[in-house]
Every structure is written in structure tokens, then in C-alpha cells.
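Enquirer: Read in order, the letters of the sequence shown are residues 43 to 209 in this note's numbering.
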Amino acid sequence: MALRQILHHPDPRLRVKAEPVTVFDADLGTLVDDMLETMYDAPGIGLAATQINVHQRVVVIDVSRDGSAPMHFINPRILTRDGEEEMEEGCLSVPGIFETVRRADRITLAYQDRDGNALEMAADGLLAVCIQHEIDHLDGKLFVDYLSQLKQSRIRKKLEKEQRLAG
Ligand code: NI
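Structure follows, in C-alpha cells:
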């Protein structure tokens with residue numbers, strides 16, 4: 043397993059739309075394992091392949107916060123959305139920024155596992171929010187896109203400045 047480098051907003055590679063996974067082989071398993079390791083190391087509760095510059099529809103999540111519930115979703119697709127929820131979100135690609143976003147509170151989801159098995163599940167609360175956030179990444183979308191233009195512009199300038207200082 044290996045740690046992968048996480049891209050930071052406003053890197054244009056975060057805007058690339060990911061392609062469906064069609065080959066379920068050892069390389070895919072390695073990608074899932076590397077993504078979990080990278081997410082735990084950060085630390086974070088979710089990571090999309092887009093964030094490590096791999097443009098395939100792969101997401102890992104662990105909302106347990108103690109590393110006890112690793113989940114992975116290949117080609118995830120939301121089937122139904124119900125209710126509304128406002129939650130403060132952050133993102134490993136938008137470091138240091140936390141803002142409230144409104145999303146569906148309950149979802150159902152179709153996806154595949156690393157072996158290619160087709161599965162479905164229901165999720166609510168934090169897990170539902172996290173899945174929606176990560177699927178957005180696969181579509182080249184960030185949580186800051188839901189904020190006002192003024193806030194988006196401030197965040198972009200702040201992160202650009204920090205990246206310049208970091209060299
Ligand atoms: Ni994110």
C-alpha cells in the first residue's frame with residue numbers, strides 16, 4: 043500500500059469528470075487500499091479517486107472516526123433522495139475551510155464492490171452526506187461550489203495564497 047498525494051483546490055484536475063470502472067482487477071484493489079490508507083493518514087472520513095488524480099469512479103468512506111468501518115464504492119449512483127439536511131462540511135482538497143451545505147438527508151445507492159458485485163444500500167445522516175459529497179468529486183464538483191460567489195472567491199484566494207507560501 044502507498045500514500046497518494048491529495049490535490050488541493052483550485053487545481054483544475056479536481057474538475058475532471060471520472061470515468062466508470064470497467065476492469066475489476068488487482069490494480070483496482072490496490073487503488074482502493076491506497077485510497078483508504080491516504081484517507082486515514084490525512085485524516086479524513088471520505089476520499090474520491092479524483093482527489094488523488096485518478097479519474098475513475100471510486101470512493102472510500104469511513105464515518106466511524108476510529109478506523110473500524112472502511113467502505114468502498116465503485117461506480118456509485120444515487121437512486122433516490124429524501125429529506126433535507128444542513129451539515130458543516132470540510133474536504134481534504136479544500137484544507138482549513140468548513141461551511142454549511144444543504145443536501146438530501148436519506149439516499150439509496152447502487153454501486154459495485156472491488157470484485158464487481160452489484161450492490162444497493164440505504165444511508166442517512168452523516169454517511170448520506172458523505173456519499174453525496176464524494177460522488178460530487180467524481181463529477182468534478184466541490185462542496186464550495188454550493189456557496190455564494192463572494193465566499194467562493196475568498197476561499198480560492200486564501201488557498202492560492204497558502205499554496206504560494208508553501209512553495
Ligand atoms: Ni471532499
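Note that CB positions come from ideal geometry on N, CA and C, so glycine has one too.
1. Kindly indicate which residue of Gly88, Pro85 and Thr150 has the alpha-carbon position closest to the one of Leu276.
2. According to DSSP, simplified to helix, strand and coil, what is Leu192?
3. Within the same chain, show all residues whose beta-carbon is closer than 7 Å to that of Gly71, passing over the 5 residues directly before and after it, in chain order.
4. Let me check you understand the geometry: is the CB of Cys172 closer than 6 Å to at least one non-hydrogen atom of the ligand NAP?
5. Assign Pro118 to one of three DSSP states: helix, strand, or coil.
6. Which two residues bound the contiguous beta strand (DSSP E) that contains Asp166?
7. Between Thr80 and the rest of its own chain, which residues show a CB-CB distance below 8 Å, the 5 nearest in sequence each way excluded?
8. On the three-pair Cβ rule with 8 Å, is the stretch 157-167 touching the stretch 95-104?
9. Thinking just about the alpha-carbon of each residue, which of Glu176, Cys133 and Ala146 is nearest to the one in Gly125?
10. Leaving out the 5 sequence neighbours to the left and right, which residues in its chain are closer than 6 Å to Leu168 when beta-carbon positions are compared?
11. What runs of the beta strand (DSSP E), each 3 residues or longer, lie entirely inside the stretch 65-121?
12. Please name the residue in Glu131, Ala170 and Gln205 whose C-alpha comes closest to that of Val186.
13. May I ask you to list the residues that DSSP assigns as paired with Ala152?
14. Assuming the contact rule is C-beta atoms closer than 8 Å, Leu134 and Gly86 should be a hit. Round their C-beta distance to whole Å, please.
15. Val186 by DSSP, collapsed to three states: which one?
Expert: Walking through what the data contain:
1. Residue 276 is absent from the model: the chain starts at 43 and stops at 209.
2. Along the sequence shown, one-based indexing puts residue 192 at 150. For Leu192, the secondary structure class from DSSP, reduced to helix, strand or coil, is helix.
3. Along the sequence shown, one-based indexing puts residue 71 at 29. So the list reads Arg156, once near-sequence residues are dropped.
4. This structure lacks the ligand NAP; the ligands present are the ligand NI.
5. Numbered from 1 along the sequence shown, position 76 holds the residue referred to as residue 118. The three-state secondary structure of Pro118, taken from DSSP, is strand.
6. Walking along the sequence shown from the start, residue 166 turns up at place 124. Per DSSP, Asp166 belongs to the beta strand (DSSP E) from Ala160 to Asp166.
7. Reading the sequence shown from its first residue, position 38 is the one you call residue 80. Apart from the 5 residues on each side of it in sequence, Thr80 sits with its Cβ closer than 8 Å to the Cβ of Leu45, Arg46, Ile48, Leu89 and Ile94 in its chain, given in chain order.
8. No, the stretch 157-167 does not touch the stretch 95-104.
9. Locating residue 125 in the sequence shown gives position 83, counting from the first residue. Measuring from the Cα of Gly125, the nearest candidate turns out to be Ala146.
10. Counting from one through the sequence shown, the residue named residue 168 turns up at place 126. Once the five neighbours on either side are set aside, the close Cβ partners of Leu168 are Val105.
11. The DSSP assignment places complete beta strand (DSSP E) segments of no fewer than 3 residues inside the stretch 65-121 at 88-90 and 100-103, in order along the chain.
12. Reading the sequence shown from its first residue, position 144 is the one you call residue 186. Of the candidates Glu131, Ala170 and Gln205, the residue whose Cα lies closest to the Cα of Val186 is Glu131.
13. Here residue 152 corresponds to residue number 110 of the sequence shown, with the count starting at 1. Its beta-bridge partners are Arg119 and Glu162.
14. Locating residue 134 in the sequence shown gives position 92, where the first residue counts as 1. Locating residue 86 in the sequence shown gives position 44, where the first residue counts as 1. Confirmed, about 5 Å.
15. The residue given as residue 186 occupies position 144 in the sequence shown. When secondary structure is reduced to three states using DSSP, Val186 falls in the helix class.
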